[in-house]
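Shown next as structure tokens:
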């Protein structure tokens, strides 16, 4: 039986965070319904909220130790034999340490393996760049046939997990934060892989964000509203295949300005994906990308890192205002 | 009886070698991986004629034993054995390395006996663990076999999988090392580490290790038969081999890892192989 999404679910789950909801709530549900679900972790069982799952679903769980390359290969063998593996560790390790295993097994051979990268972006603030995952989206986007999604809050992480079961393609699922993740969705909503969600509508510009930056985009929108600037806020949870339609719509619904916002290096991430659509289709729309520019951010507390990198909510709101005031053509 | 069985496998190996030479010659300047294929001819011949259960008419039979060629470049041993057992046709063999055909680029073709796509080293044992674990979970009694090179054992992922397979006590997994002691740039022990040191590592991780002359059908059969299939550890067969085995100008020559075989070299090699099997 599925957990019913009640009025309280988003609040309760946001306390568990994206990772806790994905592995502590959604995965046990999925595993109960589908005995082929098989979860593999690389020494992050407890941190991922898999302790209970590992006891309840002992036959559908494996901890391979600190060995990400092997984890992907083992998952491929299981997938070949009819299982549906969900493999997980920190986003930085599950995408970069074993990139070639992902390419071979998920890309070349197309095995339906769900790869869940946790603590994505700068979640691991104090641990520094070694634990930051800032290139993962760029890398995963290059693998043919791989679906790339990113959760903006705990409820969305739950919805992604449920949707992943029916998705025949391998997926990279990017989860952010620890406990207490901010809520974007306060009640149940429609989630469809590849179809972006409109969080707010406006007429001046469109902020297309992914991950926790959707929450940040709402904050930016709120700040701009007091200056009579109204924003579309888009939750682009699926970065590949990207929702081209919503990008096209920005031409008619806004003053032809898109702001992209992501917790990732600017090269290769969401902003790049949007720019590819704009360039390929020759859309008459200006794109300004916010994320980490071509350098690694400092270690520190979450908001400190964003501000130090010039991408705090107030900073971005100021840039946008300045841009609008100095440029008549946007 | 057993002598006849061994003789038959020797004759099979003989045919495989002649076919491999022909294939190598036919691809001309494209070159091919002769050295590492001639080191594992007998291993594949024994696996397919003595050890594994399969049905070439039903290649995806669910209870077949799984074979993973982790050292995937050894196609000049793999394709001939698949041809001999009816997985591949002579037309398909003739299309070796021809654009848009099957036998190019190490594809995954379960219907032809290629369980996984290969080409990059260090993947096979991990995939094999997945298969072996699945057999255990599904209560199936098929075995999983993975052939790796000794040079390939320099890959870190090999050791990740070596630890896990032993930890999981996968007694339905057998890894065979084609221990030819050479890699692209020379001798394995001069470049990094001796094969003997590697063997000790497998033992220390908890694998059941058997050592055999990898060119002796009898010794290989004995090694495979000596495995304690009901035990609680995975099995390693270290097959001591010679790269380019049986061909004078190729034996122990690293440059024959990948090289072109000219018509005159083909003729010399063919004569040497024929002479050896006349004995």
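Chains as they are written, first to last, in our numbering: chain E, 1 to 330; chain A, 1001 to 1279.
We put the beta carbon where it would ideally sit given N, CA and C, even for glycine.
Could you tell me if residue i is buried or exposed, where buried requires 16 or more neighbouring beta carbons within 10 angstroms of its beta carbon?
i: residue 1155(A); result: buried
i: residue 226(E); result: exposed
i: residue 958(A); result: Chain A is shown from 1001 up to 1279; residue 958(A) falls before or after that span and cannot be answered.
i: residue 184(E); result: buried
i: residue 1184(A); result: exposed
i: residue 1053(A); result: exposed
i: residue 325(E); result: exposed
i: residue 1171(A); result: buried
i: residue 262(E); result: buried
i: residue 51(E); result: exposed
i: residue 1061(A); result: exposed
i: residue 1036(A); result: buried
i: residue 1191(A); result: exposed
i: residue 381(E); result: The question about residue 381(E) has no answer here: the residues shown for chain E are numbered 1 through 330.
i: residue 97(E); result: buried
i: residue 35(E); result: exposed
i: residue 136(E); result: buried
i: residue 236(E); result: buried
i: residue 10(E); result: buried
What distance in whole Å lies between the Cβ atoms of residue j and residue i, which are believed to be in contact at a cut-off of 8 Å?
i: residue 1063(A); j: residue 1142(A); result: 5 Å
i: residue 233(E); j: residue 207(E); result: 5 Å
i: residue 43(E); j: residue 65(E); result: 6 Å
i: residue 297(E); j: residue 309(E); result: 5 Å
i: residue 204(E); j: residue 286(E); result: Their Cβ separation, rounded to whole angstroms, is 12 Å, which puts residue 204(E) and residue 286(E) out of contact at 8 Å.
i: residue 244(E); j: residue 148(E); result: With a Cβ gap of about 15 Å, residue 244(E) and residue 148(E) do not count as contacting.
i: residue 258(E); j: residue 290(E); result: Wrong, their Cβ atoms sit about 11 Å apart, outside the cutoff.
i: residue 1144(A); j: residue 1132(A); result: 4 Å
i: residue 1102(A); j: residue 1023(A); result: Residue 1102(A) to residue 1023(A), Cβ: 13 Å. No contact.
i: residue 1221(A); j: residue 1238(A); result: 15 Å between Cβ atoms; not a contact.
i: residue 320(E); j: residue 224(E); result: 6 Å
i: residue 1256(A); j: residue 1034(A); result: 5 Å
Per DSSP, which residues does residue i bridge with? Please list them.
i: residue 1208(A); result: 1235(A)
i: residue 41(E); result: 63(E) and 88(E)
i: residue 200(E); result: 233(E)
i: residue 1259(A); result: 1032(A)
i: residue 221(E); result: None; residue 221(E) has no bridge partner.
i: residue 206(E); result: 232(E) and 258(E)
i: residue 240(E); result: 148(E)
i: residue 1114(A); result: 1109(A)
i: residue 1055(A); result: According to DSSP, which records beta bridges pairwise, residue 1055(A) is partnered with nothing at all.
i: residue 1062(A); result: Paired residues: none, contrary to the question.
i: residue 1213(A); result: 1240(A)
i: residue 192(E); result: 195(E)
i: residue 121(E); result: 133(E)
i: residue 1183(A); result: 1186(A)
i: residue 265(E); result: 292(E)
Output the boundary residues of the beta strand (DSSP E) element that contains residue i.
i: residue 1176(A); result: 1173 to 1179
i: residue 332(E); result: Beyond the ends of chain E as shown, which are 1 and 330, falls residue 332(E); an answer cannot be given.
i: residue 1066(A); result: 1066 to 1069
i: residue 4(E); result: Careful: residue 4(E) lies outside any beta strand (DSSP E) and carries neither H nor E.
i: residue 174(E); result: 171 to 174
i: residue 290(E); result: 286 to 292
Is any heavy atom in the ligand PLP found nearer than 7 Å to the beta carbon of residue i?
i: residue 86(E); result: With respect to the ligand PLP, the structure offers nothing, as it holds no ligand at all.
Which first and last residues belong to the alpha helix (DSSP H) in which residue i is found?
i: residue 117(E); result: It is not in any alpha helix (DSSP H) - residue 117(E) instead sits in the beta strand (DSSP E) that spans 114 to 118.
i: residue 1147(A); result: Premise fails: residue 1147(A) lies in the beta strand (DSSP E), 1144 to 1149, not in any alpha helix (DSSP H).
i: residue 25(E); result: Element bounds for residue 25(E): n/a, residue is neither H nor E.
i: residue 52(E); result: 51 to 56
i: residue 1074(A); result: No alpha helix (DSSP H) contains residue 1074(A), which DSSP labels as neither H nor E.
i: residue 103(E); result: Premise fails: residue 103(E) is in no alpha helix (DSSP H) and is neither H nor E.
i: residue 1046(A); result: 1041 to 1046
i: residue 109(E); result: Counting along the chain, residue 109(E) falls outside any alpha helix (DSSP H), and DSSP gives it neither H nor E.
i: residue 1091(A); result: 1090 to 1094
i: residue 1014(A); result: 1002 to 1026
i: residue 326(E); result: 313 to 326
i: residue 1160(A); result: 1156 to 1167
Mind the definition here: the segment 1202 to 1209 of chain A touches the segment 107 to 126 of chain E only if three or more C-beta pairs lie below 8 Å; say whether that holds.
no
Can you pull out the residues from the segment 108 to 129 of chain E whose beta carbon lies closer than 7 Å to at least one beta carbon of chain D?
The structure shown contains no chain D; its protein chains are E and A.
At a cut of 8 Å, does the segment 9 to 26 of chain E reach the segment 170 to 179 of chain E through at least three beta carbon pairs?
yes
Touch test, the segment 150 to 167 of chain E against the segment 21 to 37 of chain E, Cβ-Cβ under 8 Å, three pairs minimum
yes
Do three or more CB pairs link the segment 1169 to 1187 of chain A to the segment 80 to 96 of chain E at distances below 8 Å?
no
Report yes or no: do the segment 71 to 81 of chain E and the segment 48 to 55 of chain E share at least 3 C-beta pairs separated by less than 8 Å?
no
Could you say if the segment 1011 to 1022 of chain A and the segment 239 to 254 of chain E meet the contact criterion of at least three C-beta pairs nearer than 8 Å?
no
At least three beta-carbon pairs within less than 8 Å, the segment 1115 to 1129 of chain A to the segment 1065 to 1077 of chain A
yes
For the segment 1258 to 1273 of chain A against the segment 1020 to 1032 of chain A, do three or more pairs of beta-carbon atoms, one drawn from each stretch, fall closer than 8 Å, so that the two count as touching?
yes
Quick check: the segment 137 to 151 of chain E against the segment 161 to 172 of chain E, are at least 3 beta-carbon pairs closer than 8 Å?
yes
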